[in-house]
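Protein chains in written order, with our numbering: chain A, 1 to 286; chain B, 1001 to 1286.
Beta carbons are placed, not taken as given, at the ideal position from N, Cα and C, and that holds for glycine.
Protein chains: 2
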Amino acid sequence: MARHLSGKEVNASLHAEITEKVLSLKSKGVFPQLRLIRVGENPGDLSYERGTARRCEELGVVMTKTILPENVSQEELLLAIQEANQDKNVHGILLFRPLPPHLDAALIENAVLPEKDVDGMTDASLGGVFTGKRIGFPPCTPQACMAILDHYGIEVQGKRAVVIGRSLVAGKPAAMMLLKKNATVTICHTRTKDMSAIAREADILLVAAGKAGVAKEGFFREGQTVIDVGININAEGKLCGDIDSASAEICEAYTPVPGGVGAVTTTILLSHVVEAAENALAWQEA
Amino acid sequence: MARHLSGKEVNASLHAEITEKVLSLKSKGVFPQLRLIRVGENPGDLSYERGTARRCEELGVVMTKTILPENVSQEELLLAIQEANQDKNVHGILLFRPLPPHLDAALIENAVLPEKDVDGMTDASLGGVFTGKRIGFPPCTPQACMAILDHYGIEVQGKRAVVIGRSLVAGKPAAMMLLKKNATVTICHTRTKDMSAIAREADILLVAAGKAGVAKEGFFREGQTVIDVGININAEGKLCGDIDSASAEICEAYTPVPGGVGAVTTTILLSHVVEAAENALAWQEA
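Right under this line is the structure:
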């Protein structure tokens, strides 16, 4: 039986750190604030919003919301972003995506100031992940994967890491983060041939394919650590990841779904808000 | 004996394309212009400058120069860049690097307008290589590697590509370009264990380690295509790449040094200048 790498356990230790920082900020009169910008009433967005609100409350982060109708004009949405950019009390901005198709997503995403881009959405933040410079913030999901590896003391340097998936929200930035930690990184995708053999080469297998059951029997071996980024609904209507967890039991350890990477993502988001508040304070004091 | 992938041959076909574009631009009154900005009298820079001047003449691209003393102040250099940014007749800017240590390289490199950043030096251009959006221009060296693969019709999709080296001028962007062409890409570096075995897995092996003889006996196998990005001086004072070419003879094909990737890099640079001129014209006409 593989060990389950619990997001809850990672959160507990991150929460302690974040709470301490929030207290220190508050003692200096700074109240870290996350501004949610939501267009429409997508049930997934609403559920994430409730989870984020709970987490904000636990950690003492202020959450404010701008809610716009599904048919909002591009100008109105850009105005809402600009207002949040200019508001000195707002430290981080989370814009729910995908946006309705009548809006120019690339333009809107890049309207967020990099220093408030706590979900690594802008080209500047993503470029920073590639160049290794700290511009804006990295996307939360791949950073949550790194936080799990860190927390459980899983060595990355010199190991072979295989990433399945090349999206800009997960696979590609995860590959860059593993590379920065000195793993030898292989990136697989839908055009990869003989993916199971490549997956078995991995010491660390990170699956971010966005599809249930992509990593199945034949992908795993003893000694592996498997990070499952997927969040899917299976035929029985239950949450599941991208890996077949029964087959992954031969591994050393894997992250369960639910209770793995997804559980840590919001914590990372709020750690970015707190960091953004710290940076704003440092600028102000400088 | 492996086939030698000749940069000269690639250039011949690229030159024909570029010359045609230059003629078309000139017929519309646009004279594509590259502005070189050089600090000091580094012999490597001077030699590259002579080569670039020759190539500009061949292709009908105007080359202008701003030459500044080794002890130039940051302000003077930034002013020279700003002047080139604002000059509508200048379409591309090439700044020789590395800069003397008294200058803030990161700041200066990012002062170039992305649309004139024909050597992929700015964070914006590099971010574009990562996100797959076309922002500015990609670095010339990795694009020269892709041009060679294209020219010789070497299939990339679904192949295993191994990149040795993770610099921002070669290895990392090359990895992203191979990924975009649907290769399964592995990135190796100084902390990689058992690099020879990983190199042998490659259908396409791209060596950008910046050190002679990094890829040697044991790294190669039959059927491989090897792209050698290195430019080094060996013990006998002769130019050599990063691979031991005698060992690479068992491969299907490799790029020689000199006469391989390096020969194509300047051509790519000038193709960027021409593209920048075309873009400027399109903007003007829009």
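Test: residue i CB closer than 7 Å to a CB of chain B
i      : result
A:V273 : no
A:Q157 : yes
A:C188 : yes
A:N182 : yes
A:D117 : no
A:D228 : no
Contacting residues, own chain, Cβ-Cβ under 8 Å from residue i (five flanking each side not counted)
i       : result
B:V1156 : L1149, L1178, K1181, N1182, A1183 and I1204
B:K1159 : A1183, T1184, D1203 and I1204
A:A105  : R97, P98 and L99
B:V1273 : P1032, Q1033, L1034, V1061, H1091, G1092 and V1118
A:V22   : P32, L59, G60, V61 and V274
B:E1201 : R1160, V1162 and T1186
B:E1041 : E1070
A:E222  : I250, C251 and E252
Beta-carbon proximity check, residue i vs residue j, cutoff 7 Å
i       : j       : result
A:V30   : A:L281  : yes
B:E1070 : B:P1100 : yes
B:V1163 : B:A1175 : yes
B:I1037 : B:L1095 : yes
B:V1214 : B:D1194 : no
A:L5    : A:A208  : no
B:I1250 : B:F1220 : yes
B:I1018 : B:S1271 : yes
B:H1151 : B:R1166 : no
B:A1199 : B:C1240 : no
A:L103  : A:Q74   : yes
A:A144  : A:I268  : yes
A:L25   : A:A277  : yes
B:V1072 : B:V1039 : yes
A:I227  : A:T186  : no
B:G1127 : A:G210  : no
Close beta carbons around residue i, own chain, < 7 Å, minus the five adjacent residues each side
i       : result
A:G132  : K180
B:T1141 : V1169, A1170, V1229, V1261 and T1265
A:D123  : N110
B:P1114 : T1122, A1124, S1125, I1135 and G1136
B:G1259 : S1006, G1007 and K1008
A:L78   : I108 and A111
A:Q86   : none
B:V1257 : D1228, G1230, I1231, L1239, C1240 and G1241
Any chain A beta carbon closer than 7 Å to residue i
i       : result
B:C1240 : no
B:S1059 : In the sequence on display, residue 1059 of chain B carries Leu and not Ser. No, B:L1059 lies away from the interface with chain A (no Cβ there is under 7 Å from its Cβ).
B:V1185 : yes
B:L1179 : yes
B:R1191 : yes
B:N947  : This structure leaves residue 947 of chain B out entirely; chain B is present only between 1001 and 1286.
B:L1168 : yes
B:D1123 : yes
Own chain, CB closer than 6 Å to residue i, minus 5 neighbours either side, in chain order
i       : result
A:G120  : F137, P138 and P139
B:A1053 : M1063
B:I1093 : R1035, A1084, V1112 and K1116
B:T1225 : I1154, I1204, E1252 and A1253
B:M1001 : E1249
A:V287  : Only positions 1 to 286 of chain A appear in the structure, and residue 287 of chain A is not among them; the question remains open.
B:P1003 : Here the sequence assigns Arg to residue 1003 of chain B, which means Pro is not the residue at that position. Here the set comprises A1253.
B:N1232 : A1212 and C1240
A:H15   : none
beta-carbon residue i near the ligand GTP non-hydrogen atom, thresh 6 Å
i       : result
B:F1130 : Ligands in the displayed structure: none, and consequently the ligand GTP is not present.
Subject >> chain B contacts made by the segment 127-153 of chain A, where a contact means CB separation under 9 Å >> reply: G127, G128, V129, F130, T131, G132, K133 and I135
**OP:** Ignoring anything shorter than 3 residues or poking outside the segment 77-126 of chain A, list the beta strand (DSSP E) runs there in chain order.
**Re:** Entirely contained in the segment 77-126 of chain A, the beta strand (DSSP E) runs reaching 3 residues are, in chain order, 92-95.
Original post:
What residue ranges within the segment 1033-1076 of chain B form continuous beta strand (DSSP E) runs of no fewer than 3 residues, ordered along the chain?
Top reply: 1033-1039 and 1062-1068
Original post:
Given a limit of 9 Å on CB to CB distance, which residues of the segment 1087-1099 of chain B reach chain A?
Top reply: none
Subject >> Interface residues of the segment 1196-1216 of chain B facing chain A [CB-CB below 9 Å] >> reply: I1198 and E1201
Subject >> Contiguous alpha helix (DSSP H) assignments of at least 4 residues, all confined to the segment 1127-1177 of chain B >> reply: Complete alpha helix (DSSP H) runs here, min 4: 1140-1151.
Subject >> Residue ranges of each alpha helix (DSSP H) within the segment 234-269 of chain A, 4 or longer >> reply: 245-248
Subject >> Members of the segment 1018-1032 of chain B that neighbour chain A once the beta carbon cut-off is set at 9 Å >> reply: none
Original post:
Any residues in the segment 1060-1076 of chain B with a beta carbon nearer than 8 Å to a beta carbon of chain A? Which ones, in chain order?
Top reply: Taking 8 Å as the Cβ-Cβ cut-off, the segment 1060-1076 of chain B has no residue approaching chain A.
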